[in-house]
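Chemist: Here it is: the structure, laid out below.
Residue numbers (full-length UniProt numbering): 1 to 398.
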């Protein structure tokens, strides 16, 4: 479902996007009518999640403390299980399911997609504690590191929910616009925005991140594979589809179970990127090209072992991806939100309310108005529902 051409000359929205809004609203309306019989099932109130007690070996000295332990456990408030995972048919995944009105009641903290119950079970199984000392020790180390991360001055304390699977921020890799095809204001280009994020969080999270900025050190196919195969998280920020940059058949043969999170800010286009992709498409079959579609990309990354995938559903522009990058990493790193709640925050940024209500957009206040998110009206726009999450919603970076 293409909502715009995605082409841009000076980093502004293409002319076709104004005409795309009525089409988008028509899709939302038709989707509402089609799925309305399921609303009673989707609107069930969230159930409280009981706290999980710690398993401690009996040392013979703990019997006197049983009452204290039970009392302290009873004082712990149960967490609300409000993370919704939609297991949907392949064709339904083409639709902006996150825009259904049944999810607008404020009871859902995160909304992620899944391809099958088996795929979900596989992701959860990989994250289950194995009971060995090595993994338990690593988990404790990550929790200590997360608690030691200090937010910037004037920021709220960084609190990661206790039920989250922790992702080691020291093992992140990135690639930003390796062909340097972005055309527009410098502050909106993937290279510039990525450099800004790396500098902003250098003292707390990104000091050990490694990767490629622009085409000064263009990554070879072997370097792509090395980056993806040696990380806990991967950030791609560039033009066209992510899979147009690497060999799909080589990626399909990899094992990326150690890669817990992939963030893809792609699908922006320029005349240079369109020309490059057109040239490379001549030597590919229709079947190979179909794998570069957004849903197929998420399916492939899931099959090779990635736990959570943040991706776009349709073409976008530099300005919107710049906003997404800053909001995503501000919330994932500075605030400590789980990936599911962070993506849901982007989906709920309703037009003119964005800068007024979202504390994570404070970083925009000193920027020229032309470089801030330009959302108008109170309706759900394609920009707010473009970013979706596949896989586990309860992973958090420490």
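We put the CB at the ideal spot given by N, CA and C, even for glycine.
The structure presented is a predicted model; accordingly, all values stated were derived computationally and were not measured.
Quick one: grab the DSSP three-state call for residue 114.
Modeler: The residue given as residue 114 occupies position 114 in the chain shown. Correct three-state label for residue 114: strand.
Chemist: By how many angstroms is the C-alpha of residue 172 removed from the C-alpha of residue 164?
Modeler: Against the chain shown, residue 164 aligns to sequence position 164. Against the chain shown, residue 172 aligns to sequence position 172. In a straight line, the C-alpha of residue 164 is about 18 Å away from that of residue 172.
Chemist: May I have the straight-line CA-CA distance separating residue 267 from residue 217, to the nearest angstrom?
Modeler: For the purposes of this step, residue 267 is taken as residue 267 along the chain shown, with counting starting at 1. For the purposes of this step, residue 217 is taken as residue 217 along the chain shown, with counting starting at 1. Rounded to whole angstroms, residue 267 to residue 217 spans 22 Å at the Cα level.
Chemist: Within its chain, find whatever has a CB closer than 8 Å to the CB of residue 214; leave out the 5 residues flanking it on each side and keep chain order.
Modeler: Position 214 of the chain shown holds residue 214. Taken in chain order, the residues that qualify are 176, 177, 178, 180 and 191.
Chemist: Less than 7 Å between the beta carbons of residue 211 and residue 174, yes or no?
Modeler: Working through the chain shown from its first residue, we reach residue 211 at position 211. Working through the chain shown from its first residue, we reach residue 174 at position 174. One thing to note: residue 211 has its Cβ within 7 Å of the Cβ of residue 174.
Chemist: With respect to the alpha helix (DSSP H) encompassing residue 262, which residues constitute its N-terminal and C-terminal limits?
Modeler: On the chain shown, position 262 is the one that residue 262 refers to. Premise fails: residue 262 lies in the beta strand (DSSP E), 261–268, not in any alpha helix (DSSP H).
Chemist: With a cut-off of 8 Å on the beta carbons, I'd call residue 240 and residue 273 a contact; round off their distance for me.
Modeler: Here residue 240 refers to the residue found at position 240 of the chain shown. Here residue 273 refers to the residue found at position 273 of the chain shown. By a beta-carbon distance limit of 8 Å, residue 240 contacts residue 273. Their separation comes to about 5 Å.
Chemist: Does residue 161 pass the burial test, meaning 16 or more other C-beta atoms within 10 Å, or should it be called exposed?
Modeler: Position 161 of the chain shown, counted from the first residue, corresponds to residue 161. So residue 161 counts as exposed.
Chemist: Could you have a look at residue 291 and say whether DSSP puts it in helix, strand or coil?
Modeler: Working through the chain shown from its first residue, we reach residue 291 at position 291. Note: residue 291 maps to coil in three-state DSSP.
Chemist: Would you call the stretch 320–335 and the stretch 189–204 in contact, with 3 or more CB pairs under 8 Å?
Modeler: yes
Chemist: Looking at C-alpha atoms only, which residue of 40, 321, 34 and 89 is the closest neighbour of residue 194?
Modeler: Position 194 of the chain shown holds residue 194. Comparing Cα-Cα distances from residue 194 to each of 40, 321, 34 and 89, the minimum goes to 321.
Chemist: Apart from the five residues on each side of it in sequence, which residues of its chain come closer than 6 Å, Cβ to Cβ, to residue 123?
Modeler: Counted from its first residue, the chain shown places residue 123 at position 123. Once the five neighbours on either side are set aside, the close Cβ partners of residue 123 are 307, 391 and 392.
Chemist: Would you list the residues sitting across from residue 323 in a DSSP beta bridge?
Modeler: Looking up residue 323 in the chain shown gives position 323. Note: residue 323 sits in no beta bridge, so no partner.
Chemist: Beta carbon of residue 340, beta carbon of residue 30: below 7 Å?
Modeler: Walking along the chain shown from the start, residue 340 turns up at place 340. Walking along the chain shown from the start, residue 30 turns up at place 30. Taking 7 Å as the Cβ cut-off, residue 340 and residue 30 do not qualify as a contacting pair.
Chemist: Starting from the Cα of residue 253, find the closest Cα among 271, 387 and 302 and give me that residue.
Modeler: Position 253 of the chain shown, counted from the start, is the residue given in the question as residue 253. Cα-wise, what sits closest to residue 253 is 302.
Chemist: Taking all protein chains shown into account, do 16 or more other C-beta atoms lie within 10 angstroms of the C-beta of residue 106, making it buried, or fewer, making it exposed?
Modeler: Here residue 106 is taken as the residue at index 106 of the chain shown, counted from 1. Residue 106 comes out exposed.
Chemist: Roughly how many whole angstroms lie between the Cα atoms of residue 118 and residue 87?
Modeler: Along the chain shown, read from residue 1 onward, the residue named residue 118 stands at position 118. Along the chain shown, read from residue 1 onward, the residue named residue 87 stands at position 87. Cα-Cα distance, rounded: 10 Å.
Chemist: Within this structure, are the beta carbons of residue 397 and residue 230 separated by less than 7 Å?
Modeler: If you number the chain shown from 1, residue 397 lands on position 397. If you number the chain shown from 1, residue 230 lands on position 230. Contact flag unset, no.
Chemist: Which first and last residues belong to the alpha helix (DSSP H) in which residue 197 is found?
Modeler: Mapped onto the chain shown, residue 197 falls at position 197. Where residue 197 is concerned, the enclosing alpha helix (DSSP H) stretches over 190–200.
Chemist: Quick check on DSSP: helix, strand or coil for residue 29?
Modeler: What you label residue 29 is simply residue 29 of the chain shown in a count that begins at 1. Here residue 29 sits in helix by DSSP.
Chemist: Which partner residues of residue 173 appear in the DSSP bridge assignment?
Modeler: For this step, residue 173 is matched to residue 173 along the chain shown. DSSP output for residue 173 lists 210 and 234 as bridge partner(s).
Chemist: Compute the Euclidean distance between the alpha carbons of residue 99 and residue 388, then round it to the nearest angstrom.
Modeler: Residue numbering aside, residue 99 sits at position 99 when the chain shown is read from its first letter. Residue numbering aside, residue 388 sits at position 388 when the chain shown is read from its first letter. Residue 99 and residue 388: Cα-Cα distance of roughly 11 Å.
Chemist: Report, in whole angstroms, the separation of the C-beta atoms of residue 264 and residue 310, which I expect to be a contact under 8 Å.
Modeler: One-based indexing of the chain shown puts residue 264 at position 264. One-based indexing of the chain shown puts residue 310 at position 310. Confirmed, Cβ separation roughly 6 Å.
Chemist: Could you tell me if residue 287 is buried or exposed, where buried requires 16 or more neighbouring beta carbons within 10 angstroms of its beta carbon?
Modeler: Numbered from its first residue, the chain shown carries residue 287 at position 287. Its Cβ having fewer than 16 others within 10 Å, residue 287 is exposed.
Chemist: Cα separation between residue 284 and residue 221?
Modeler: Counted from its first residue, the chain shown places residue 284 at position 284. Counted from its first residue, the chain shown places residue 221 at position 221. One C-alpha to the other measures close to 17 Å.
Chemist: How should residue 83 be labelled, buried or exposed, when 16 other C-beta atoms within 10 angstroms of its C-beta is the threshold for buried?
Modeler: For the purposes of this step, residue 83 is identified with residue 83 of the chain shown, where counting begins at 1. Residue 83 is buried by the Cβ-count criterion.
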